[in-house]
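Have a look at the structure below, then the notes.
See below:
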């Protein structure tokens, strides 16, 4: 089956520090990969996505590259801000098969950025 | 526009009450989803509607009853809930195209408290 393994949290950084949150996946075929962010008290927001190998998704200074050879989709940001404090979920959407239409999520990583 | 709306934002109900959660999207998407999310955990899939037909029911108790009146609306009817059902309920939608690998867009959620 499909699975997503995400870096354990919580992660605490100082403002302007470099961020990496690791994400690896197991899936058949060629899934799409996503990072979702959930700010306190809110729903999930799509942060970025990549749909094929070597694609780089980017948004709001965050980047992640779809690496098929290492089955990874690590999230990075060069300089975090206090406003980036949130829970980050890595997820995959598999190639459609039968009635399956499910996102597989990682466990989530809580990020706290201190001023 | 990638907006999914949900009402109400907050809901408190007793174990004998009947209430409904509502979800709406105007992106022309043909797949809609209900998720349940406990604090600091990834969302858990409850139901999937594809072209207004229920395609996935993840063994959800019958006290949760989904309904898809048309391609833009999704309801979740609640009856005789238990305190452990208290959670954030998220609605999502995606295009519903063959081949999978789709992006799901989430609403802000309804935070439910069962007393």
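Protein chains in written order, with my numbering: chain Z, 504 to 618; chain G, 44 to 158.
Heads up, the beta-carbon is just placed ideally off N, CA and C, and yes, glycines get one too.
Since the structure is predicted, the reported quantities are computational estimates derived from the model, not experimental observations.
Apart from sequence neighbours up to five positions away, the residues of its chain that approach residue 113 (chain G) with a beta-carbon distance below 8 Å are 95, ordered along the chain. Closest in C-alpha terms to residue 64 (chain G), from the list G:51, G:145 and G:101, comes G:51. Inter-segment contact for the region 122–133 of chain G and the region 95–111 of chain G is present: three or more beta-carbon pairs are separated by less than 8 Å. Residue contact check for residue 596 (chain Z) against chain G: a CB pair falls below 8 Å. The C-beta distance from residue 529 (chain Z) to residue 506 (chain Z) rounds to 5 Å, short enough to fall under 8 Å. For the region 126–156 of chain G, residues whose beta-carbon sits nearer than 7 Å to a beta-carbon of chain Z comprise 133, 141, 142, 143, 144, 145, 146, 147, 148, 149, 150, 151 and 152. In this structure residue 567 (chain Z) is in contact with residue 551 (chain Z), their Cβ atoms being roughly 6 Å apart against a cut-off of 8 Å. A straight-line Cα-Cα distance of about 13 Å links residue 553 (chain Z) and residue 526 (chain Z). Within the DSSP bridge table, the entry for residue 143 (chain G) names Z:598 as partners. With a beta-carbon spacing of about 4 Å, residue 135 (chain G) and residue 76 (chain G) fall inside the 8 Å limit used to define contacts. Looking at the backbone, the Cα of residue 610 (chain Z) and that of residue 572 (chain Z) are separated by about 23 Å. For residue 540 (chain Z), not one C-beta of chain G is nearer than 8 Å to its own C-beta. By a beta-carbon distance limit of 8 Å, residue 534 (chain Z) does not contact residue 618 (chain Z). Their separation comes to about 37 Å.
With respect to the 8 Å criterion, residue 606 (chain Z) and residue 594 (chain Z) are classified as neighbours on the basis of their beta carbons.
Shown here, residue 126 (chain G) sits in a helix according to DSSP, grouped into three states. Rounded to the nearest whole angstrom, the C-alpha separation of residue 549 (chain Z) and residue 115 (chain G) is 20 Å. For residue 514 (chain Z), there are no C-beta contacts with chain G under 9 Å, since the nearest C-beta of that chain is about 13 Å from it. The beta carbon of residue 117 (chain G) does not come within 8 Å of any beta carbon belonging to chain Z, so the residue lies off that interface. Partner residues in the beta bridge of residue 136 (chain G), as assigned by DSSP, are G:75 and G:148. Ranked by Cα distance from residue 608 (chain Z), the options Z:511, Z:523 and Z:538 are led by Z:538. Closest in alpha carbon position to residue 61 (chain G), among G:80, G:133, G:158 and G:123, is G:123.
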